[in-house]
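*Asks:* Structure below; questions to follow.
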């Protein structure tokens, strides 16, 4: 069976050099009172269509909606979830991008879906399956400020319950794959047991969607093979920032999917196809081909658009060579 390929999360918003960044211009026009919220929404939808079309043209099997209207992965959820306010800007891990820190000021409550409309919009124009992406409960909690619960376990549990509803609504809307982003778990091995419970809450009501728990920006060696006990169908590991993951996957379960981040999502240098092929073949020593998905190491938002396209094209070419 052929090895699958997938995007990992956000896609670059700025267009190729020399082209007009319509969404940015529309937002600036709205600030001047020269455009409406409806104009912005149309610009977001147009950008989303571009993102889907570009991903599909690269040949990847699974695309993401690209997050055209999202500032980061937390803010769209914090804005919709009861009990959160939006705080100041903080650096997103060790990258030159920022996110707005959610602040818990009251009881966390479900107040309707945060990402379903974006998923539906992408799914309506895509010809390939669209992978939904949501934050994981550990990462959401650790990157937020808790001014209400004053108890980490309770805070994580409350977040997990609303993310469970989000995942349920995504599946009901047609999402075949749901990626749960947990980069903060890599630096919190003390939360592994809590993560098992919280992620189980998120996935517990799903019937058919394939769930992938995604870690990135480092290796999972501090978590060890116990990471693979979490109740999901597969795991995304970053083999660029975390080369020690090659040793860890020697213990990878035979019944799980490995989404292998083997092209650098944060470096414009393009990997030779033969190098990607070599890495994939190395992974096939531990994972069957029908359970190996090749992917960027993280979201492609850090790259120029043309580099993001080229990375995905090389992934699909390499997957074809390995599966031939």
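Numbering (my numbering), first residue to last: 2 to 325.
Beta carbons are placed, not taken as given, at the ideal position from N, Cα and C, and that holds for glycine.
It should be emphasised that the depicted structure is a prediction, and the values quoted were computed from it without experimental measurement.
#1: With a Cβ-Cβ cutoff of 8 Å, do residue 62 and residue 5 count as a contact?
#2: Is residue 243 helix, strand or coil by DSSP?
#3: Quick check on DSSP: helix, strand or coil for residue 116?
#4: Residue range of the alpha helix (DSSP H) that residue 163 falls in?
#5: Using 10 angstroms around the beta-carbon of residue 33, count the other beta-carbons present and answer buried if the total reaches 16, otherwise exposed.
#6: Go ahead and pull the three-state DSSP assignment for residue 33.
#7: Do you know offhand how far residue 192's Cα is from residue 8's?
#8: So residue 182 is in the alpha helix (DSSP H); what residue range does that whole segment cover?
#9: Could you tell me which residues DSSP puts in a beta bridge with residue 261?
#10: Starting from residue 328 and walking both ways along the alpha helix (DSSP H), at which residues does that stretch end?
#11: So, for residue 141: in the same chain, excluding its five sequence neighbours on each side, which residues have a beta-carbon less than 6 Å away from its beta-carbon?
#12: Measuring alpha carbon to alpha carbon, tell me which residue in 267, 94, 271, 110 is nearest residue 86.
#13: If we ignore side chains and look at the alpha-carbon of each, how far apart do residue 289 and residue 255 end up?
#14: Bridge partners for residue 87 per DSSP, in chain order?
#15: Within 10 Å of its beta-carbon, does residue 1 have 16 or more other beta-carbons around it, so buried, or fewer, so exposed?
#16: If we ignore side chains and look at the alpha-carbon of each, how far apart do residue 129 and residue 123 end up?
#17: Counting along the chain, where does the alpha helix (DSSP H) carrying residue 204 start and finish?
#18: Of all the options 186, 312, 270, 200, which has the alpha carbon lying nearest to the alpha carbon of residue 233?
#19: With a threshold of 16 other CB atoms inside 10 Å of the CB of residue 208, please say whether the residue is buried or exposed.
#20: Quick check on DSSP: helix, strand or coil for residue 223?
#21: If you check the beta carbons only, do residue 67 and residue 45 fall under 8 Å apart?
#22: Decide if the region 88–108 is in contact with the region 161–168; the criterion is three or more beta carbon pairs, one per stretch, under 8 Å apart.
#23: Which residues share a DSSP beta bridge with residue 215?
#24: How is residue 231 classed by DSSP in three states: helix, strand or coil?
#25: Residue 131 by DSSP, collapsed to three states: which one?
#26: Under DSSP, the alpha helix (DSSP H) around residue 49 begins and ends at which residues?
#27: Here's the rule: buried if 16 or more other CB atoms are within 10 angstroms of the residue's CB, otherwise exposed. What is residue 143?
#28: Can you round the beta-carbon distance between residue 149 and residue 84 to whole angstroms, since I take them to be within the 8 Å contact cut?
#29: Between the alpha carbons of residue 246 and residue 216, how many angstroms are there, rounded?
#30: With DSSP run on the structure shown, which of helix, strand or coil describes residue 140?
#31: Tell me which same chain residues have a C-beta within less than 8 Å of the C-beta of residue 244, skipping the five on either side of it?
*Replies:* Let me spell this out:
#1: yes
#2: coil
#3: coil
#4: That run of the alpha helix (DSSP H) goes 153–173.
#5: exposed
#6: coil
#7: Each residue's Cα considered, the two are about 27 Å apart.
#8: Residue 182 -> not in any alpha helix (DSSP H); beta strand (DSSP E) instead, spanning 178–182.
#9: 238, 295
#10: The chain is shown only over 2 to 325; residue 328 falls outside these bounds and no answer can be derived.
#11: 160
#12: Taking only the C-alpha atoms, the option nearest residue 86 is 110.
#13: 8 Å
#14: 103
#15: Nothing can be reported for residue 1, as the shown portion of the chain is limited to 2 through 325.
#16: Rounded to the nearest angstrom, the gap between the Cα atoms of residue 129 and residue 123 is 10 Å.
#17: Per DSSP, residue 204 belongs to the alpha helix (DSSP H) from 193–204.
#18: 200 is the residue among 186, 312, 270, 200 whose C-alpha sits nearest the C-alpha of residue 233.
#19: exposed
#20: DSSP places residue 223 in coil when its eight states are reduced to three.
#21: no
#22: no
#23: 182, 237
#24: coil
#25: strand
#26: 38–59
#27: buried
#28: 7 Å
#29: Taking the CA atoms as reference points, residue 246 sits about 11 Å from residue 216.
#30: helix
#31: For residue 244, same chain residues with a beta-carbon under 8 Å away, outside a window of 5 residues either side, are 220 in chain order.
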